[in-house]
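Chemist: 525 is the number of the first residue of the sequence shown in my numbering; add one for each residue after it.
First, the structure itself, so that you have it in front of you.
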Amino acid sequence: MTISIWRYSHLVLALVSSLFLLVAAVTGVILAVEPITHQTKGYAVHDLEDVPLGVAINALKQNYDEVLGLEVESSGFVKAQVLTMDLETLDIYIDPKTGGKLGEVEERPYIYTFATNLHRSLFLKSVGRFFVGLISLLLFIIVVTGLVLLAKRQGGFKKIFSKVQKDYFELRYHVILSRWFLIPIIILSITGVYLSAEKFDLLPDSIEVPQEMDVDHSAEIFADIQDVPFFKETTLDDVRQVEFPFSDDPEDYYRIALSDREIQVNQQTGAIVTSINYPFTVLASRLSLVLHTGEGNVLWSIILLLASASILFFMYSGFVMTLKRRKKGKVSIKMPNKDECEYIILVGSETGTTFDFAQRFYDGLSKTGKKVYLAELNKYTTYARATHMIICTATYGEGEPPTNARKFSTLFSNIKQPNTISYAVIGFGSLEYPDYCKFAIQIDALLQADSNFTPVMPLCKVDSANHETLANWVDQWGNRQGLKISLEHTYIKEIERVKIPFELTERTGLNVDDTFLLKFRPKQKITFTSGDLLAVFPDESGLVRQYSIAKINDEVLLSVKKHEMGRGSNYLYALEVGNVIEAAIDVNAHFHFPEKSAMAILIANGTGIAPFLGMLQHTRQKQIALFWGGRTRNSSLIYENFLNGIITTNEKISFMPCFSREVEKRYVQDLVREQQNVVLHTLTNGGTVMICGSLAMQHEVLDVLETILIENTTLTTEELQKKGLIKTDCY
């Protein structure tokens, strides 16, 4: 598996900084508790904006013989430093209106002092402060790379807060919590970097020169400080600290730190003698400290506590996700050379279930000391030393091969193996479908007809990836080879779906080719888009059927073909307007319309047109060509109301239909061939081709695209699919 640069950067930075982040997160949780417990003492003054500074000073002077200073904490506590009769300095919390003592300032608990020193410098002084600043910077980069990965997972930055796909616990909540605490963690990291930069004098110098004010010697002298205009008009919400004069001498001034400046004030007239404005760096430093510590705000402290705790969870969940990803992708690592291997495993898989078994079988066989090569059926070639071949393949659609096996039959007929090979075929499918394991049966017949291939075991058919059937087959095959193979349990988890009620609001009758349309309105708020899937449950057996949807005015539009024995289609066809069903939305992010593509070609046959009807309605500024194939001209009548409303109002959209049972028989792949200049222009200019409908049609279209690309470019369909420029969702 190739890890993207974003994921690789995210992982490496997290690993490098993990120990320091662990310390920072644990101490951050502890320190976030301190402002919360401090606030519970109940000394906060909630109407500081209504308390003049003069009232507070007068109240203190009346209650205490000597007052040295006054401080208004960001918590709303008013603290005073007073001198007792025993000449002992005492720090107390007061009621500024009365000067009454509310409580003494207690010594800071050791756990907070210890946590602060560890959090700031790791007890390494300047070296520690440097590392803390560096880790804060790395944390910011980790958040940025994580944000990019989150956007990719959710289908774009605009969809970051859309519904999170169901997955295992660690991955699901890694995504959910990252959305909740994205901004708090960014603030923590940026403020951490800023505070560290300040300690190392890395910020620009901005020294402000005190401004001397002109003294008005004729200014009125007041006997009571409460009457002095400055002390009367200045309220405590704008005051940070006050240093009291030592005497009544007019030349002995009050030194006052306000929110934006420091001043000296004449105690008799209230005249400002000197003033110095705080530079931006000081204001930014003060704001950074408040934002980083949560001081004075219980709600923000709780958010910081949870954000710090979430970092611990991210470290745990990231570790689990990495292990799972490595386990899932380890098969492709250090794959032996195909011509050195005795055992060849070839796979045809559409949804990943068959590939999961093949990978686990590869692991088990490799552990016995055998050289094993694993590849897709489309990669079939000669194998110089091969003596055994195991083919694992699903059947898709109406007996069709999976996409990564569609070339096998042609390749097999043109390639001659140098050795006689013993083979075994395992077919994956479901007994609910009439074409159960049909493609596996076809492959088995091909091999039987070739004298170079000898069967070791009869064709094995596996219903719904039954673990017991697979385990028995592995034991039997291993016994015939004299090998004991251990098969690990599958890591593929069943999708957990949340069902919600959907009300049928509109429906049509059967069209000429047994298709019909249904429109459902979700009865509770839910996020979905065209290209997602509606999971329908026809009965109580747990059976699920998925239908590609169009989003039309916040409703779900389905286009369904009624099959005589189809449990899902017959269940839906029996519904009447007003009926309510329980269903679920399966997010299908890989088949959402690409917002960044300026142009696109949409290719469909039959009911595969459904998601494109919704996409066309919501992509008004794109150059789009819709190729659609049906049986007869009347087949398209059911979609006319939607298409006419879209195409006639938007000249950038063109509709090109074709019909397989009219006089001029044409299939949708013929349209692709005829319009190859449009296709080439789209793909070579970063546009997207999207294919929806039958798997047989998809294979034909991909074959045509492959031919066009080979003849005109150096591009390949595989390369374009990996880049997301060819998107498929066929059945």
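By construction, the Cβ of each residue, glycine as well, lies at the ideal position given by its N, Cα and C atoms.
Got a sec? Which residues, its chain only, sit under 6 Å from LYS854 by beta carbon, not counting five neighbours each side?
Modeler: Note that LYS854 scores 43 on pLDDT, short of 50, meaning its location in the model is unreliable; the coordinates nonetheless yield the value given after this. Closer than 6 Å at the Cβ level, and outside the excluded window around LYS854, lies no residue.
Chemist: Is it true that the stretch 867-884 meets the stretch 928-942, where meeting means three or more beta-carbon pairs spaced less than 8 Å apart?
Modeler: Contact between the stretch 867-884 and the stretch 928-942 is present, because at least three Cβ pairs lie under 8 Å.
Chemist: Taking the straight line between their C-alpha atoms, what separation do you get for ALA639 and VAL1060?
Modeler: So the alpha carbons of these two residues sit roughly 54 Å apart.
Chemist: What span of residues does the alpha helix (DSSP H) with ASN1094 cover, start to end?
Modeler: Its alpha helix (DSSP H) spans residues 1091-1097.
Chemist: Taking DSSP as the reference, what is the three-state secondary structure of ASN1168?
Modeler: Helix.
Chemist: How would you write the range of the alpha helix (DSSP H) that SER645 sits in, first residue to last?
Modeler: 634-645 is the span of the alpha helix (DSSP H), which, as asked, contains SER645.
Chemist: On a CA-only basis, which of SER841, THR906, ASP880, LEU830 is nearest TYR867? Give me that one, please.
Modeler: With distances taken between Cα atoms, TYR867 lies closest to THR906.
Chemist: Give me the Cα-Cα distance between ASN990 and THR1143, rounded to the nearest whole angstrom.
Modeler: Distance between the alpha carbons of ASN990 and THR1143: 43 Å.
Chemist: In the DSSP assignment, what residue or residues form a beta bridge with VAL1202?
Modeler: Beta-bridge pairing links VAL1202 to no other residue.
Chemist: Throw me the rounded Cβ distance for the PRO1062 and ARG1031 pair, which I believe falls under 8 Å.
Modeler: Actually they do not touch by this definition, with Cβ atoms about 17 Å apart.
Chemist: Rounded to the nearest angstrom, what separates TYR692 and HIS698 at their Cα positions?
Modeler: Taking the straight line joining both Cα atoms gives about 10 Å.
Chemist: Would you call SER943 buried or exposed, if buried means 16 or more other Cβ atoms sit within 10 Å of its Cβ?
Modeler: Note on identity: in this sequence residue 943 is Asn, with Ser being the wrong assignment. ASN943 should be labelled exposed.
Chemist: Flag this pair as touching only if the stretch 587-600 and the stretch 653-664 have three or more C-beta atom pairs under 8 Å; answer yes or no.
Modeler: The stretch 587-600 vs the stretch 653-664: no contact.
Chemist: Extract the residue ranges of the beta strand (DSSP E) inside the stretch 1003-1088, only unbroken runs of 3 or more that lie entirely within it.
Modeler: List check, beta strand (DSSP E) in window: 1024-1031, 1039-1046, 1057-1060, 1069-1072, 1074-1076, 1079-1085.
Chemist: Determine contact between the stretch 1191-1202 and the stretch 1103-1121, defined as no fewer than three beta-carbon pairs at a distance below 8 Å.
Modeler: These segments do not touch.
Chemist: If you draw a straight line from the alpha carbon of ALA882 to that of LYS1251, how long is it in whole angstroms?
Modeler: In a straight line, the C-alpha of ALA882 is about 25 Å away from that of LYS1251.
Chemist: Here's a check: name, in chain order, each residue in its chain whose Cβ is nearer than 7 Å to the Cβ of GLY1210, leaving out the five neighbours to either side.
Modeler: Excluding residues within five positions, the ones whose Cβ falls inside 7 Å are SER1121.
Chemist: Give the C-beta separation of VAL602 and LEU614 to the nearest angstrom, bearing in mind that I take them to be a contact with Cβ-Cβ under 8 Å.
Modeler: The Cβ separation is near 15 Å, so there is no contact.
Chemist: In the DSSP assignment, find the alpha helix (DSSP H) that holds ASP887 and state where it starts and stops.
Modeler: Element bounds for ASP887: 877-890.
Chemist: Let me check one thing: in DSSP terms, what residues is ASN1129 bridge-paired to?
Modeler: Paired residues: GLY1153.
Chemist: Please state whether the Cβ-Cβ distance between LEU1082 and MET1214 is less than 8 Å.
Modeler: No, the Cβ-Cβ distance between LEU1082 and MET1214 is not below 8 Å.
Chemist: Since LEU545 and MET839 are thought to touch, with beta carbons under 8 Å apart, how far apart are those beta carbons, to the nearest angstrom?
Modeler: About 7 Å separates the two Cβ atoms, so the contact holds.
Chemist: What residues are listed by DSSP as bridge partners for ILE914?
Modeler: For ILE914, which the question treats as bridged, DSSP gives the partners ILE869, ALA948.
Chemist: Please check the pair LEU572 and ASP784, which I expect to be a contact at CB under 8 Å, by giving their CB distance rounded to whole angstroms.
Modeler: Actually they do not touch by this definition, with Cβ atoms about 16 Å apart.
Chemist: Assess contact between the stretch 1180-1189 and the stretch 1223-1241, defined as three or more Cβ pairs (one per stretch) separated by less than 8 Å. Is contact present?
Modeler: Flag = no, the stretch 1180-1189 and the stretch 1223-1241 do not touch.
Chemist: Tell me whether ALA795 sits in a helix, a strand or coil according to DSSP, three-state version.
Modeler: Note: ALA795 maps to coil in three-state DSSP.
Chemist: Going by CA-CA distance only, name the one from LEU1028, THR564, ILE1177, VAL540 that's closest to GLU1100.
Modeler: Nearest of LEU1028, THR564, ILE1177, VAL540 to GLU1100, Cα basis: LEU1028.
Chemist: Work out the CA separation of GLY578 and ALA781 for me, nearest whole Å.
Modeler: About 15 Å.
Chemist: Is it the case that the Cβ atoms of SER799 and GLN735 are separated by a distance below 8 Å?
Modeler: Yes, Cβ-Cβ distance for SER799 and GLN735 is below 8 Å.
Chemist: Spell out the partners DSSP gives PRO926 in its beta bridges.
Modeler: Note: PRO926 sits in no beta bridge, so no partner.
Chemist: Assuming GLU786 is part of the beta strand (DSSP E), what are its boundary residues?
Modeler: 785-789 is the extent of the beta strand (DSSP E) around GLU786.
Chemist: Quick check: the stretch 803-817 against the stretch 702-717, are at least 3 beta-carbon pairs closer than 8 Å?
Modeler: These segments touch.
Chemist: Does DSSP classify PRO1135 as helix, strand or coil?
Modeler: Correct three-state label for PRO1135: helix.
Chemist: Give me whichever residues DSSP pairs with ARG764 in a beta bridge.
Modeler: According to DSSP, which records beta bridges pairwise, ARG764 is partnered with nothing at all.
Chemist: In the DSSP output, which residue or residues are listed as bridge partners for GLY953?
Modeler: In the DSSP output, where bridge partners are listed per residue, GLY953 has ASP987.
Chemist: Go ahead and pull the three-state DSSP assignment for GLN1147.
Modeler: In this structure, GLN1147 counts as strand in the three-state DSSP scheme.
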